[in-house]
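Let me begin by presenting the structure, written as structure tokens, before commenting on it.
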């Protein structure tokens, strides 16, 4: 009893002293709540949109994209009526499970059925995949390299416990920032700008932690701005989208309002949604263009069935398991949300995910052996024509079963 009391006294005395000696990381002033929408990174008016805000700016950007697409078709001597079919790709978060999406995309190229996407969206690890998927097969080799050769030392550096407790995350993500910079060079950024001018969109999701709001970054517009700091902003957006709150450092983005400088704190877009196609507030009919066939491809870099484990009666173990369970449920709900959105808007829905038949164990996060096996699994799923499902698992209706069996969509669709 005396020893226990002594430990308590020492703890109460030492911990505050340690806290006093560990300064909280500094940051600039946050954007006032009333000015969130007015804050413009690099002064680019269409650099981003708040997914929960007035959809008018996003609809206007979509309309401009369609006009650019028409101009590109005319320049190529191709007809603009009817508009050609459009394919969308949404790539979810999932950490090292992004190896599945990388393998699937490259296998899709080998199968010869991979379309050119009008819109590509990405969140977290999906944000890292999205630029490669957007730019097409020329970047397949780089995508494979990123997801089959990079280990944890190229992603993060663990901090000591006390340093982590009094800092902004459990790990330092300087290695991930360096990895992103290595593979997102000026040539890639210029290529994104050129594709944007053809009417194609690359959209990345982050979470504005100060405002608690989902942000959709219009990467093509940022690239096309030619702002001298635009490439650095692009890299920070990718880093922010992959920054798991608490585990990885948040990313501070500089913005200005009427000449006053502020900083926004951005983290993993998966804190709000682990994948997105387009905001549900957007009414495709508002674009007032003729019908065109549209197809959505959704890559969920995770399993959608429960993963059983025997959990010890320890606080951190229980809390960690509960969080992973909530994330799994959230990811499945995102898959359902996009499914019902496509049904509302008449878009053909196709979903790929890690099946229960993948059995390779993972020794640790970003285990190269695990990632290579998962890459190969995704690759073979695409090459073998087994990747795509017409409905999320567990959503069993007669119509859904018929669509799954026939592997056909609902027919002509409205445009976004």
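In my numbering, the protein residues as written are 142 to 557. Each residue gets a CB set at the ideal place from its N, CA and C atoms; glycine is no exception.
Per DSSP, residue 494 lies in no alpha helix (DSSP H); the unbroken beta strand (DSSP E) holding it starts and ends at 489-495. Looking at the backbone, the Cα of residue 524 and that of residue 179 are separated by about 46 Å. Distance between residue 231 and residue 277, taken at the CA atoms: about 15 Å. Counting other Cβ atoms within 10 Å of its Cβ, residue 485 stays below 16 and is therefore classed as exposed. Counted as a single uninterrupted DSSP element, the beta strand (DSSP E) harbouring residue 403 occupies residues 401-409.
Unbroken alpha helix (DSSP H) stretches of 4 residues or longer found wholly inside the stretch 333-417: 360-365, 371-382, given in chain order. The criterion of a C-beta distance shorter than 8 Å is not satisfied by residue 345 and residue 461. Of all alpha-carbon atoms in 507, 514, 489, 492, the one lying nearest the alpha-carbon of residue 501 is that of 514.
By the Cβ test, the stretch 315-334 is in contact with the stretch 361-376, since at least three Cβ pairs between them sit closer than 8 Å. Annotation: residue 266 to residue 387 spans about 17 Å, alpha carbon to alpha carbon.
Cα atoms of residue 215 and residue 320: separation of roughly 39 Å, rounded to the nearest angstrom.
The alpha-carbon separation between residue 172 and residue 333 amounts to approximately 29 Å.
For residue 238, there is no enclosing beta strand (DSSP E), as DSSP marks it with neither H nor E. A residue is called buried once 16 or more other Cβ atoms fall within 10 Å of its Cβ, and residue 467, having fewer, is exposed. Taking C-alpha positions only, residue 270 is separated from residue 455 by approximately 36 Å. Leaving aside the five residues that flank residue 519 on each side, the residues in its chain whose CB is nearer than 6 Å to its CB run, in chain order, 241, 244, 245. In the DSSP annotation of this structure, residue 441 is not part of any alpha helix (DSSP H); the continuous beta strand (DSSP E) holding it starts and ends at 435-444. Residue 192 is not a Cβ neighbour of residue 268, given a cutoff of 8 Å. Residue 452 counts as exposed, since fewer than 16 other beta carbons sit within 10 angstroms of its beta carbon. Residue state for residue 191 is assigned as strand, using DSSP reduced to three classes.
Judged by DSSP in its simplified three-state form, residue 330 adopts helix. Residues of the same chain with a CB within less than 7 Å of the CB of residue 353, apart from the 5 flanking positions on each side, do not exist. Rounded to whole angstroms, the gap between the alpha carbons of residue 411 and residue 234 is 7 Å. Excluding sequence positions up to five before and after residue 196, its CB lies within less than 7 Å of the CB of 420, 422, 423, all in the same chain and listed in chain order. Boundaries of the beta strand (DSSP E) harbouring residue 228: 227-232, taken from the DSSP string.
Annotated three-state conformation of residue 466 is helix, per DSSP.
Between the C-alpha atoms of residue 239 and residue 527 there is a straight-line separation of about 18 Å. If you keep only unbroken alpha helix (DSSP H) runs of at least 4 residues inside the stretch 480-535, you get 509-524. With a threshold of 16 other beta carbon atoms within 10 Å, residue 207 meets it and is buried. For residue 264, the enclosing beta strand (DSSP E) has its first and last residue at 260-264. In this structure, the beta-carbon distance from residue 445 to residue 490 does not fall below 8 Å. In this structure, residue 296 sits near residue 316, with a CB-CB distance shorter than 8 Å.
The beta carbon of residue 343 sits closer than 7 Å to the beta carbons of 261, 271, 272, 275, 333, 360, 361 from its chain, once the five residues preceding and following it are set aside; these are given in chain order.
Exclusion of the five residues before and after residue 450 leaves 462 as the residues of its chain whose Cβ lies within less than 8 Å of its Cβ. For residue 288, the uninterrupted alpha helix (DSSP H) run begins and ends at 281-290, by DSSP.
Scanning its chain for C-beta atoms nearer than 7 Å, with the 5 sequence neighbours on each side dropped, one finds around residue 370 the residues 183, in chain order.
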